[in-house]
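Take a look at the structure set out below.
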Amino acid sequence: MYSRTIKRVSARILFPLLSHSRSYYLSKPFYSGLGSILMFHRVCPESSRPRIRGNAGLEVTPEYLENTIKFLRKNNYEIVSLSRVAKILNDNYKKKKFAVLTFDDGYIDNYVHAYPIFKKHRVPFSIYVTTNFPDGNAILWWYILEDLILKEARIEFQLNGLEYQYSCASLLQKEWAYQQIHGLILNGPSNDLNQRILQVFKNYDIDFLKKTSELALTWEQIREMSADPLVEIGAHTINHHALSKLTDSAVQKEMEGSRDKIESEINQKVEHFSYPFGTRKEVGQREFRIAKKCGFKTSTTTTIANIFKEHKDLLEQLPRIPVNQKRDNGKINYLNLWLNGTLPCIINKFKKIL
């Protein structure tokens, strides 16, 4: 948690300095590339209730999403689909810079709050669906954990024979407890994930699938959106497991299973994929090879970088720019630092292609 705090403090100091100095004009010719694929998760109206920062960081407000679209248009970006990106790269496109807006997982607010904004502005976007979300089988344990920690003053459980106790009296303690328990649940074999979840929440009266019904898209909503030419539906596995922890056959099953399920529901071909978590810890050359074997036109990671002409030969490992309203302190102009390559350049130690 202390490293997270240091990063947040550094961002509060560094971002204004870089923005006011207009350093992005220096990085733009070298690190902005042909365009950018932007990564979102949720679109939620502003709320005054206490939140855990990790989860809240996945959310932007409808106003911020709309301002992002306006920002891109003001800065002469062509907002395109994922299919258009593949064509741009294969055709050596060299005109306007492009931007793609993608959403991971399949949250209901993508339909309730985001979709109307995209229709209003006639802007294409993509949603990568984890099929257990609309199937109603996903356990959204990270939100269940947040609700429990915000409610309780103390959390106690036994996991793999060890006793754990966390004081949650203050918001700072709640943040600490969340990060520690989140790590305990996530950092283990994928096939034991549900067992770890059950152990952590055993002492509490939890309806695990209630949160899923509250937050996940339905197949009916996905079908409605997929019928709109503005919307592309991509695959995001069945279970949202860290693929690096699975066997080759299990990885292929997760990729193809989600694709085939979506295709059967929307009666359209699914040609794009996003790796769950998507960092170098969860995906590498093996996963890229399997995604390519599955025949996806593009596959996206969470590696932070812009898109360059060299990605023509790396369509199974495209980087993205995470959009985080809270990280950027709500300042839409900080997108200049990301899209023009200033921060990706620093993060990637001056490498364009990773």
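Each residue of the sequence shown is one higher than the one before, counting from 4 in the numbering used here. Where is the CB? At the ideal position from N, CA and C, for every residue including glycine. This structure is a prediction, so every number in the text was calculated from the model and none was measured.
Cβ neighbour criterion (16 or more within 10 Å) applied to residue i
i: Tyr-5; result: Confidence at Tyr-5 is low in this model, with a pLDDT of 42, below 50, so the placement of that residue is unreliable and no value is reported for it.
i: Ile-9; result: At Ile-9 the pLDDT is 45, less than 50, meaning the model places this residue with poor confidence and gives no usable figure here.
i: Gly-109; result: buried
i: Arg-292; result: exposed
i: His-23; result: exposed
i: Ser-358; result: Residue 358 is absent from the structure shown; the chain starts at 4 and stops at 357.
i: Glu-319; result: buried
i: Ala-294; result: buried
i: Phe-128; result: buried
i: Glu-149; result: buried
i: Ile-16; result: exposed
i: Phe-353; result: exposed
i: Tyr-27; result: buried
i: Leu-246; result: buried
i: Ser-30; result: buried
i: Gln-198; result: exposed
i: Gly-38; result: buried
i: Asn-339; result: buried
i: Asp-210; result: exposed
i: Arg-262; result: buried
i: Asp-107; result: buried
i: Gln-168; result: exposed
i: Ala-156; result: exposed
i: Glu-313; result: exposed
i: Asp-208; result: exposed
i: Gly-333; result: exposed
Among the options, the one whose alpha carbon lies nearest that of residue i
i: Phe-121; options: Met-228, Tyr-131, Gly-139 and Phe-160; result: Met-228
i: Ser-216; options: Phe-276, Lys-100 and Pro-137; result: Pro-137
i: Leu-162; options: Ile-184, Trp-144, Ile-142 and Lys-177; result: Ile-184
i: Leu-196; options: Asn-78, His-44 and Leu-249; result: Leu-249
i: Leu-233; options: Ser-39, Ser-26, Ser-84 and Pro-19; result: Ser-84
i: Pro-325; options: Glu-49, Ser-30, Tyr-27 and Glu-62; result: Glu-62
i: Ser-277; options: Ile-269, Leu-321, Ile-111 and Glu-313; result: Leu-321
i: Glu-81; options: Ile-142, His-124 and Leu-317; result: His-124
i: Asp-231; options: Leu-29, Arg-25, Ile-130 and Ala-14; result: Ile-130
i: Ser-86; options: Ala-156, Lys-272 and Ile-142; result: Lys-272
i: Cys-297; options: Glu-285, Glu-313, Glu-274 and Phe-311; result: Glu-274
i: Gly-186; options: Ala-156, Gln-168, Lys-213 and Trp-145; result: Trp-145
i: Ala-180; options: Asn-78, Glu-235 and Lys-154; result: Lys-154
i: Lys-315; options: Lys-300, Ile-188 and Gln-176; result: Lys-300
i: Glu-178; options: Pro-192, Ala-59 and Lys-214; result: Ala-59
i: Lys-355; options: Ile-147, Leu-317 and Tyr-337; result: Leu-317
i: Val-46; options: Ile-111, Glu-159 and Gly-237; result: Ile-111
DSSP beta-bridge partners of residue i
i: Thr-105; result: Met-42 and Ser-129
i: Phe-160; result: Tyr-167
i: Tyr-146; result: None, per the DSSP bridge assignment.
i: Glu-62; result: Arg-45
i: His-275; result: Thr-301
i: Ala-141; result: According to DSSP, Ala-141 bridges with nothing at all.
i: Glu-81; result: Phe-101
i: Tyr-110; result: Ala-219
heavy atom of the ligand FMN below 7 Å from residue i C-beta
i: Asn-242; result: Absence of the ligand FMN is noted for the structure shown, with no ligands found whatsoever.
Residue i at chain D interface by Cβ criterion, 8 Å
i: Lys-90; result: Here chain D cannot be found, since the structure has a single protein chain.
Where in the segment 278 to 354 do unbroken runs of the beta strand (DSSP E), each at least 3 residues long, occur, reported from the N-terminal end onward? 301 to 307 and 321 to 325
For the pair the segment 254 to 267 and the segment 238 to 245, tell me if three or more CB-CB distances fall below 8 Å. Output reads yes: the segment 238 to 245 touches the segment 254 to 267.
Quick one: any contact between the segment 64 to 76 and the segment 108 to 120, if contact means 3 or more CB pairs under 8 Å? The segment 64 to 76 vs the segment 108 to 120: in contact.
Would you check if there are 3 or more beta carbon pairs closer than 8 Å linking the segment 300 to 310 to the segment 337 to 348? yes
Check whether the segment 52 to 67 touches the segment 31 to 41, taking contact to mean three or more Cβ pairs, one atom from each stretch, closer than 8 Å. no
Could you tell me whether the segment 272 to 281 touches the segment 294 to 304, where touching means 3 or more Cβ pairs closer than 8 Å? yes
Three CB pairs or more closer than 8 Å across the segment 122 to 142 and the segment 208 to 227: These segments touch.
Are the segment 83 to 101 and the segment 201 to 210 in contact at 8 Å, needing three or more beta carbon pairs? no
If contact is defined by three or more beta carbon pairs under 8 Å, each pair taking one atom from either stretch, is the segment 98 to 106 in contact with the segment 165 to 172? Contact between the segment 165 to 172 and the segment 98 to 106 is absent, because fewer than three Cβ pairs lie under 8 Å.
At which residue ranges does the segment 224 to 274 contain complete beta strand (DSSP E) runs of 3 or more residues, listed in the order of the chain? 234 to 238
Extract the residue ranges of the alpha helix (DSSP H) inside the segment 17 to 42, only unbroken runs of 4 or more that lie entirely within it. Runs of the alpha helix (DSSP H) lying entirely within the segment 17 to 42, each at least 4 residues long, are 27 to 34 in chain order.
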